[in-house]
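*Asks:* The structure follows.
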Amino acid sequence: MRTQIIQINEQNINQELINQAGDIIKSGGLVAFPTETVYGLGGDALSPESSKKIYAAKGRPSDNPLIVHICRMEDLAHIVREIPEAAYKLAKAFWPGPLTMIFNKSELVPYETTGGLDTVAVRFPSHPVARAFIEASGGYVAAPSANISGRPSPTLAKYVTEDMNGRIDMILDGGDVEIGLESTIIDMTAEEPMILRPGYITREMLEDILSSVDEDSTIMNDDSKQAPKAPGMKYRHYAPKAELTIVDGKADSVVDYINGELCRLKQEGHKTGVIAANDTIARYKADICKNIGNRNDEKAIARELYRILREFDDEKTTVIYSEAFDASGVGQAVMNRLLKAAGHKIIYLK
Ligand code: AMP
Ligand code: MG
421 MRTQIIQINE QNINQELINQ AGDIIKSGGL VAFPTETVYG LGGDALSPES
471 SKKIYAAKGR PSDNPLIVHI CRMEDLAHIV REIPEAAYKL AKAFWPGPLT
521 MIFNKSELVP YETTGGLDTV AVRFPSHPVA RAFIEASGGY VAAPSANISG
571 RPSPTLAKYV TEDMNGRIDM ILDGGDVEIG LESTIIDMTA EEPMILRPGY
621 ITREMLEDIL SSVDEDSTIM NDDSKQAPKA PGMKYRHYAP KAELTIVDGK
671 ADSVVDYING ELCRLKQEGH KTGVIAANDT IARYKADICK NIGNRNDEKA
721 IARELYRILR EFDDEKTTVI YSEAFDASGV GQAVMNRLLK AAGHKIIYLK
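In the working numbering, each residue's number is its place in the sequence shown (first place is 1) plus 420.
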């Protein structure tokens, strides 16, 4: 299959090109598109065949449900059984934006889209290209992240091309994404709304609106006896090809420990990498050191993380050490993804 790659300027959207992309979705094809979180791989959410194609293009296990993207609040009622009052409140505060809510699904949504579940995940993105594209596609676009399953989510169109060229019909290249980590997921079918995946919309922000929300206990802890409530979170996701270890502790101890390990690993013939903040980066002796930014700016760190993990793959790094970052606010999402990328390998120094 030939994949068309099309540049779209979000300041000046070419409607003709967007309509072409929409027509592909309406006729059962797949189009990757930019959102404010990461690039998505879109297909018609109401077509079982389109959803099957998405799983095939990504190599994604079919029990890992897709998120349905909408572009108008009034469309929500068609795909869900009921909209709890709390969901209206969250939608008013955070839609359009990087929040995914889970509802009981209506009959319109096929089980192929929900991975066999009776619930459906819905998001209303804010990215102008995403919104125009969803509208041109008929209003309901199922879209997971546009990467091969298990690889870091793409934050640039070139990474979508790397993974999806020849597998899908079109890629809409809208430049860099703004946030860099996938949406926050909250289950609105639980007695108390429960966060299943942390993201840019933090627990504090949700609690400002709903007073109290719950959190899936597997978000930060590796409890292999307990299955995460978002089926996709059980997979070793977001992973670079190299073995990644996180080291947590006081700055001097972390630098000394990692440099000691790097020295040994280099002798063993490894190509070594380090991920560190800008105040410590110059002190590391790895083959490749990546500055993830200011450790007090979690939003900037979130934007850099997946690009850095992908660059290490391209550079054929075989082992990576990363500093740990503060897990409050958006930092919780950063540490959640970093822990997954490391398969929860973390060393705590005194
Ligand atoms: P991705 O689209 O790659 O960001 O992955 C979508 C995430 O949403 C996965 O972790 C899924 O398990 C989760 N998800 C989608 N639908 C549901 C649902 N109905 N219930 C729980 N989690 C869901
Ligand atoms: Mg994904």
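Ideal placement from N, C-alpha and C gives every residue a C-beta, glycine not left out.
For the alpha helix (DSSP H) holding L461, just list the boundary residues, first then last.
*Replies:* Residue numbering aside, residue 461 sits at position 41 when the sequence shown is read from its first letter. No alpha helix (DSSP H) holds L461; the beta strand (DSSP E) holding it covers 460-464.
*Asks:* How is F523 classed by DSSP in three states: helix, strand or coil?
*Replies:* The residue given as residue 523 occupies position 103 in the sequence shown. F523 falls in the strand class under three-state DSSP.
*Asks:* Could you spell out the range, first to last residue, of the alpha helix (DSSP H) harbouring M584?
*Replies:* Counting from 1 along the sequence shown, the entry for residue 584 is found at position 164. Counting along the chain, the alpha helix (DSSP H) containing M584 begins and ends at 577-584.
*Asks:* Between the stretch 447-467 and the stretch 515-528, are three or more C-beta pairs nearer than 8 angstroms?
*Replies:* Contact between the stretch 447-467 and the stretch 515-528 is present, because at least three Cβ pairs lie under 8 angstroms.
*Asks:* Take every Cβ of the stretch 739-756, pair it with every Cβ of the stretch 710-730, and state whether three or more of those distances are shorter than 8 angstroms.
*Replies:* Short answer: they touch.
*Asks:* Whose CA, out of S471, K509, P548, lies closest to the CA of G448?
*Replies:* As a working mapping, residue 448 is identified with position 28 in the sequence shown. G448 has its Cα closest to that of S471, out of S471, K509, P548.
*Asks:* Rounding to the nearest angstrom, what Cα-Cα distance links I621 and E532 in this structure?
*Replies:* The sequence position of residue 621 within the sequence shown is 201, counting from 1. The sequence position of residue 532 within the sequence shown is 112, counting from 1. Looking at the two C-alpha atoms, the distance is approximately 28 angstroms.
*Asks:* Give me the Cα-Cα distance between K765 and I666, rounded to the nearest whole angstrom.
*Replies:* What you label residue 765 is simply residue 345 of the sequence shown in a count that begins at 1. What you label residue 666 is simply residue 246 of the sequence shown in a count that begins at 1. Approximately 6 angstroms, taken between the alpha carbons.
*Asks:* Secondary structure at Q440, three-state DSSP: helix, strand or coil?
*Replies:* Here residue 440 is taken as the residue at index 20 of the sequence shown, counted from 1. Helix, per DSSP.
*Asks:* Measuring only from the beta carbon, is L601 closer than 7 angstroms to any heavy atom that is part of the ligand AMP?
*Replies:* Against the sequence shown, residue 601 aligns to sequence position 181. No, the beta carbon of L601 sits no closer than 7 angstroms to any heavy atom of the ligand AMP.
*Asks:* Skipping 5 residues on each side, what residues in its chain have a beta carbon closer than 6 angstroms to that of G652?
*Replies:* Along the sequence shown, one-based indexing puts residue 652 at 232. These residues qualify, in order along the chain: N484.
*Asks:* So, using beta-carbon positions, are A747 and M640 closer together than 8 angstroms?
*Replies:* Locating residue 747 in the sequence shown gives position 327, where the first residue counts as 1. Locating residue 640 in the sequence shown gives position 220, where the first residue counts as 1. For A747 and M640, yes; Cβs fall inside 8 angstroms.
*Asks:* Over the uninterrupted beta strand (DSSP E) stretch that includes N567, give me the two end residues.
*Replies:* Position 147 of the sequence shown holds residue 567. Unbroken run through N567: none, as it is neither H nor E.
*Asks:* If you draw a straight line from the C-alpha of K760 to the C-alpha of A659, how long is it?
*Replies:* By 1-based counting over the sequence shown, the position of residue 760 is 340. By 1-based counting over the sequence shown, the position of residue 659 is 239. Rounded to whole angstroms, K760 to A659 spans 7 angstroms at the Cα level.
*Asks:* Express the C-alpha separation of I615 and A476 in angstroms, rounding to a whole number.
*Replies:* As a first step, residue 476 must be located in the sequence shown, where it is residue number 56. As a first step, residue 615 must be located in the sequence shown, where it is residue number 195. Taking the straight line from one Cα to the other gives about 28 angstroms.
*Asks:* Among residues of its own chain, excluding the 5 on either side of Y677, which ones have a beta-carbon nearer than 7 angstroms to its beta-carbon?
*Replies:* On the sequence shown, residue 677 is found 257 positions in, with the first residue counted as 1. For Y677, where only same-chain residues beyond five positions count, the Cβ hits under 7 angstroms are V667, L769.
*Asks:* Can you check which of these residues, R757, D589, H498, G586, is closest to L664 by C-alpha distance?
*Replies:* Translated into positions along the sequence shown, residue 664 becomes position 244. The option with the nearest alpha carbon to L664 is R757.
*Asks:* Please determine, among G570, D443, P548, N434, the residue with the shortest C-alpha to C-alpha distance to D733.
*Replies:* Your numbering for residue 733 matches position 313 in the sequence shown. Closest option to D733, Cα to Cα, is G570.
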